[in-house]
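Visitor: First the structure, then my questions, so here it is.
Residue numbers (the working numbering), protein chains in the order written: chain C, 8 to 136; chain G, 30 to 230; chain W, 79 to 723.
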């Protein structure tokens with residue numbers, strides 16, 4: 008099933024060409040295109056994930072029958088990716104504090120809430136003394 | 030602790046020890062994914078927090094970063110060729126392609142060191158702001174991994190010259206191959222989410 | 079640096095500590111020299127790669143750490159018994175609650191469980207060692223040196239005092255200058271290397287080295303919990319590694335991650351810490367669940383009720399453990415939406431945990447219970463842990479948490495889950511597997527005394543703390559007001575009860591060593607269900623002369639029915655074993671030196687230690703040692719003497 012004895016490793020060559028092409032595409036999308044920032048970011052992130060897949064499957068042989076390790080390697084890579092998503096997205100989500108929205112109404116709400124909190128704190132202090 | 034050896038298949042998978050070590054390394058790579066993910070998370074959260082220092086968009090240059098990316102992508106390719114040659118049983122092919130990989134890796138490092146020094150001259154250091162701390166730590170951790178990888182490859186080249194291709198030496202080369210490709214994956218994400226996004230936003 | 083800055087001065091308690099350290103070390107050195115035991119120590123223990131011996135060393139170190147953490151706890155309880163006590167001053171109290179928490183979680187609970195895993199897991203799956211014996215020794219020494227580095231802080235340089243969570247900016251360079259906090263960073267970093275390596279090691283061991291025929295869903299439940307715990311370790315520990323490294327960069331190299339200058343973000347530390355910290359909680363509780371399951375099914379003399387449900391519950395808990403970390407800092411102000419999301423995910427965890435409780439009850443239902451000490455610990459666990467779990471759900475409700483947060487209610491909650499869960503499990507597991515490790519049982523009569531003292535003491539100590547918390551007593555205060563006194567006195571009495579229980583436990587070890595009957599059969603409790611009981615006692619260093627073919631759950635039960643053993647003379651083959659090596663201890667000693675250098679910011683020392691460590695890695699890379707083979711004759715001799723044939 009693998010190309011152990013072939014002189015020219017087609018899989019590697021194809022993978023290499025693809026990764027160069029994808030890199031150029033990502034660079035063009037970011038610096039040369041007129042897409043909106045949101046589209047650029049999601050687009051190039053998807054391209055990065057595809058490139059990671061190329062490395063894993065075409066270079067690293069993540070699925071290889073002879074390894075006798077079954078599904079464990081790609082299972083670990085998959086869960087690693089899930090965890091990476093949780094860590095990055097989760098941190099951004101948690102660290103946003105709900106105070107960075109530039110939506111007027113929401114900001115107003117938070118201000119009000121803050122004021123309420125302040126009042127409560129003041130009351131608490133009075134009781135304490 | 031079985032010492033039975035299979036008669037066919039790639040050398041590195043023939044002993045149970047080889048299979049287990051390779052599996053263990055895959056699991057280690059999973060841990061490395063989380064390690065880098067945490068650094069990426071820190072970078073993302075601290076993005077834009079440059080305080081009084083120079084913002085990244087003024088310092089990042091597409092030219093040098095693209096060169097570094099191509100160097101590393103090519104080194105990943107040549108490393109794959111080296112493993113391919115190893116599986117064909119050619120020590121010479123393995124050694125030559127690995128040396129090419131080494132040279133490419135070293136030039137990548139050279140560019141990275143140049144880049145860091147250049148930023149430092151422009152007033153962006155580990156100490157100058159939260160953003161730059163996160164940047165230097167993320168890129169620096171990757172650079173440190175590349176450095177370790179280069180030292181490791183040199184050790185293995187000495188060993189394969191002395192011992193030839195055995196289940197153990199091929200297992201070691203297969204693993205350094207995994208490591209090297211993995212560093213390339215990490216760099217792709219650094220290139221995309223640090224440099225490209227840093228230049229866009 | 080002056081000598082009086084290097085050593086901690088001015089505290090009578092610490093002088094006493096210094097004297098006892100010097101005396102104990104001198105005594106150990108003297109005994110080893112006088113009885114000419116240095117060679118024995120080096121050959122049999124310091125260079126060993128045998129999983130059973132490494133496990134025993136883990137457990138002994140963990141017991142020592144339990145003593146240290148316990149002494150900290152008793153000092154705190156003494157200080158808090160009455161208002162305006164002058165036993166500890168504020169600074170000393172801060173240091174003690176910091177070291178108490180860190181020691182108990184990182185250097186007691188985890189090593190204790192990893193020790194039990196080391197001893198038991200290879201035996202349960204019919205393996206002759208772990209997958210990477212060298213790495214296993216490395217793990218142990220990295221833990222031990224990390225622990226020593228952390229513990230030495232109270233006499234040299236001063237202990238960390240920012241709590242075991244070490245929140246920034248308090249733990250940052252500006253507000254906690256000096257080496258104290260660096261001890262925390264380097265001690266945890268060093269032992270963290272070993273924990274990650276252990277996680278990888280156990281995963282590969284369990285996935286690749288099971289007895290022929292043993293399917294995943296035929297593995298003993300403790301092995302399952304170890305596998306899943308290892309999975310959590312692999313994915314959680316790198317987060318801690320990075321968090322510690324970032325704080326080290328902040329403190330020593332002037333980076334700005336968690337500072338108040340340079341637009342750093344102190345809250346990011348809390349975020350990273352708990353992203354590791356919550357999974358960490360499950361790292362110390364899941365193996366405990368595994369131990370209780372083994373003990374309960376053995377002494378209820380029944381197959382575990384709902385085995386598959388149990389396994390899936392563990393998997394589900396492991397998955398959820400990565401999705402709840404924010405509940406540790408609801409009050410940080412992340413906003414209502416963020417808190418709601420994590421509040422719901424937190425409460426979800428109660429579901430699989432509940433499933434497990436019913437599994438244990440189902441196993442006990444209509445069984446003939448053999449009420450041994452190990453079983454008593456397990457039975458005490460169920461109701462005690464439920465109290466801890468239910469109050470955990472209360473804390474999980476974000477809005478209610480604003481009231482409970484940082485109060486003694488929280489303190490009571492996490493001691494209820496960690497002591498009733500992890501500590502009871504450590505005792506249960508140690509008593510249960512003790513005959514396999516040391517060739518004799520622990521005295522049951524003394525065991526009961528220590529059990530009752532500890533369990534009653536535990537409830538007397540921590541139950542009142544729920545109410546102290548509801549009365550408004552915040553955690554981490556070094557002195558109390560008169561209104562809280564009655565509850566605190568009760569609590570202190572309970573704490574000393576636990577201390578008495580632990581002392582009796584230690585005495586039991588000494589007593590049993592001298593007076594207990596030596597084991598003659600491998601199946602010490604007569605009701606063993608899993609493969610570890612199929613080996614003879616003492617266990618030969620290669621574990622299994624012949625590895626049985628497994629095709630069912632509770633493999634040893636079937637083996638007994640069929641009259642088979644792990645010594646089938648006609649199937650013997652030479653056994654391949656790894657050689658002992660002194661590399662791990664030397665390697666880790668160098669890294670410990672490097673860490674010590676970093677603690678005091680002596681860069682020459684840090685760099686020298688690190689370079690020496692790299693040299694050790696190079697030596698390892700060129701080490702092509704293949705191990706050795708045990709010949710059939712030797713196996714026959716060993717087995718015959720072990721089995722009394």
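The beta carbon of each residue, even a glycine, is placed where N, CA and C say it ideally should be.
For clarity, every value in this text was computed on a predicted model and none was experimentally measured.
1. Sort W:420, W:159, W:710 and W:151 by Cα distance to residue 620 of chain W and report the nearest one.
2. The alpha helix (DSSP H) with residue 271 of chain W in it runs from where to where?
3. Using the C-alpha atoms, what's the distance from residue 189 of chain W back to residue 183 of chain W?
4. Please check if any C-beta of chain W sits within less than 9 angstroms of the C-beta of residue 115 of chain G.
5. Kindly list, in the order they appear in chain C, the residues whose Cβ is closer than 8 angstroms to that of residue 317 of chain W.
6. Let's test the definition: count the other Cβ atoms within 10 Å of the Cβ of residue 382 of chain W and tell me whether it reaches 16, buried, or not, exposed.
7. Are three or more beta carbon pairs between the stretch 567-576 of chain W and the stretch 412-426 of chain W nearer than 8 angstroms?
8. Along the beta strand (DSSP E) that carries residue 707 of chain W, what are the first and last residues, could you check?
9. Determine the direct distance from the alpha carbon of residue 218 of chain W to that of residue 269 of chain W, and round the result to whole angstroms.
10. Please report the Cβ distance between residue 553 of chain W and residue 485 of chain W, rounded to the nearest whole angstrom; I am assuming they are in contact, meaning their Cβ atoms lie under 8 angstroms.
11. For residue 109 of chain C, count the other beta carbons within 10 Å of its own beta carbon; 16 or more makes it buried, fewer makes it exposed. Which is it?
12. Listing by chain order, which chain C residues have their CB less than 9 angstroms from the CB of residue 724 of chain W?
13. From residue 406 of chain W to residue 352 of chain W, what does the alpha carbon distance come to, in whole angstroms?
14. Would you kindly report the start and end of the unbroken beta strand (DSSP E) that includes residue 653 of chain W?
15. Please determine, among G:176, G:59, G:39 and G:225, the residue with the shortest C-alpha to C-alpha distance to residue 275 of chain W.
16. Which residues of the stretch 162-177 of chain W have a Cβ closer than 7 angstroms to any Cβ of chain C? Give them in chain order.
17. What first and last residue would you give for the alpha helix (DSSP H) that runs through residue 666 of chain W?
18. Which partner residues of residue 44 of chain G appear in the DSSP bridge assignment?
19. Show which residues of chain W have a CB atom less than 8 angstroms away from the CB atom of residue 74 of chain C.
20. Report yes or no: is there a C-beta of chain G within less than 9 angstroms of the C-beta of residue 70 of chain C?
21. Determine, using beta carbons only, whether residue 193 of chain W and residue 277 of chain W come nearer to each other than 9 angstroms.
22. Buried or exposed for residue 657 of chain W, going by 16 or more other Cβ atoms inside 10 Å?
23. Does the beta carbon of residue 161 of chain G come closer than 9 angstroms to any beta carbon on chain W?
24. Determine the extent of the alpha helix (DSSP H) in which residue 173 of chain W is found, giving its start and end residues.
25. With three or more C-beta pairs closer than 8 angstroms as the rule, is the stretch 154-168 of chain W touching the stretch 200-218 of chain W?
26. Between the alpha carbons of residue 285 of chain W and residue 293 of chain W, how many angstroms are there, rounded?
27. What are the complete alpha helix (DSSP H) segments, minimum 4 residues, inside the stretch 405-442 of chain W?
28. Please list, in chain order, all residues of the same chain as residue 360 of chain W whose beta carbon is under 7 angstroms from its beta carbon, the five residues on each side excluded.
29. Could you work out which residue in G:128, G:221 and G:204 is closest to residue 190 of chain G when comparing CA atoms only?
30. In this structure, what does DSSP give as the bridge partners for residue 596 of chain W?
31. Which residue or residues does DSSP assign as beta-bridge partners of residue 552 of chain W?
32. Using a 10 Å radius around the Cβ and a threshold of 16 neighbouring Cβ atoms, would you call residue 103 of chain W buried or exposed?
33. Is the stretch 100-119 of chain G in contact with the stretch 9-28 of chain C, if contact means three or more CB pairs nearer than 8 angstroms?
34. Buried or exposed for residue 168 of chain W, going by 16 or more other Cβ atoms inside 10 Å?
35. Could you list which residues in chain A have their beta carbon closer than 7 angstroms to that of residue 90 of chain C, in chain order?
36. Report the residue from C:75, C:89 and C:98 whose alpha carbon sits nearest the alpha carbon of residue 47 of chain G.
Guide: To lay it out plainly:
1. Checking every option, the nearest Cα to that of residue 620 of chain W belongs to W:710.
2. Segment 258-286, the alpha helix (DSSP H) holding residue 271 of chain W.
3. Answer to the nearest angstrom: the Cα atoms are 9 angstroms apart.
4. At a cut-off of 9 angstroms between C-beta atoms, residue 115 of chain G does not count as an interface residue with respect to chain W.
5. Ordered by position in chain C, the residues that pass the 8 angstroms Cβ test against residue 317 of chain W are 94.
6. It is buried - the Cβ of residue 382 of chain W has at least 16 other Cβ atoms within 10 Å.
7. The stretch 567-576 of chain W vs the stretch 412-426 of chain W: no contact.
8. Counting along the chain, the beta strand (DSSP E) containing residue 707 of chain W begins and ends at 706-708.
9. Roughly 8 angstroms between the two C-alpha positions.
10. Indeed, because the Cβ distance is near 6 angstroms, the residues count as touching under 8 angstroms.
11. With a pLDDT of only 44 at residue 109 of chain C, under 50, the local geometry of the prediction cannot be trusted, and the value read off the model is given with reservation. Burial call: exposed.
12. Outside the shown range of chain W, which is 79 to 723, sits residue 724 of chain W, and nothing can be said about it.
13. Their Cα atoms are separated by approximately 7 angstroms.
14. Counting along the chain, the beta strand (DSSP E) containing residue 653 of chain W begins and ends at 653-655.
15. The option with the nearest alpha carbon to residue 275 of chain W is G:59.
16. Per Cβ criterion, the list is empty.
17. 661-677 is the extent of the alpha helix (DSSP H) around residue 666 of chain W.
18. DSSP output for residue 44 of chain G lists G:34 as bridge partner(s).
19. Those do not exist, as residue 74 of chain C stays about 11 angstroms from chain W at its closest Cβ, beyond 8 angstroms.
20. Cβ-Cβ to chain G under 9 angstroms: no for residue 70 of chain C.
21. Not a contact, by the Cβ cut-off of 9 angstroms.
22. It is exposed - the Cβ of residue 657 of chain W has fewer than 16 other Cβ atoms within 10 Å.
23. So yes, residue 161 of chain G belongs to the interface.
24. Per DSSP, residue 173 of chain W belongs to the alpha helix (DSSP H) from 168-180.
25. Touching, no.
26. Their Cα atoms are separated by approximately 10 angstroms.
27. List check, alpha helix (DSSP H) in window: 414-426 and 428-442.
28. Closer than 7 angstroms at the Cβ level, and outside the excluded window around residue 360 of chain W, lie 310, 395, 396 and 399.
29. Of G:128, G:221 and G:204, the residue nearest in Cα terms is G:128.
30. Looking at the DSSP assignment, residue 596 of chain W forms a beta bridge with W:518.
31. Residue 552 of chain W pairs with W:485.
32. Residue 103 of chain W counts as exposed, since fewer than 16 other C-beta atoms from the protein chains shown sit within 10 angstroms of its C-beta.
33. As far as the Cβ criterion goes, the stretch 100-119 of chain G touches the stretch 9-28 of chain C, which means the pair count is three or higher.
34. Answer is exposed; the Cβ neighbour count stays below 16.
35. No chain A appears in this structure, whose protein chains are C, G and W.
36. Nearest C-alpha to residue 47 of chain G among C:75, C:89 and C:98: C:75.
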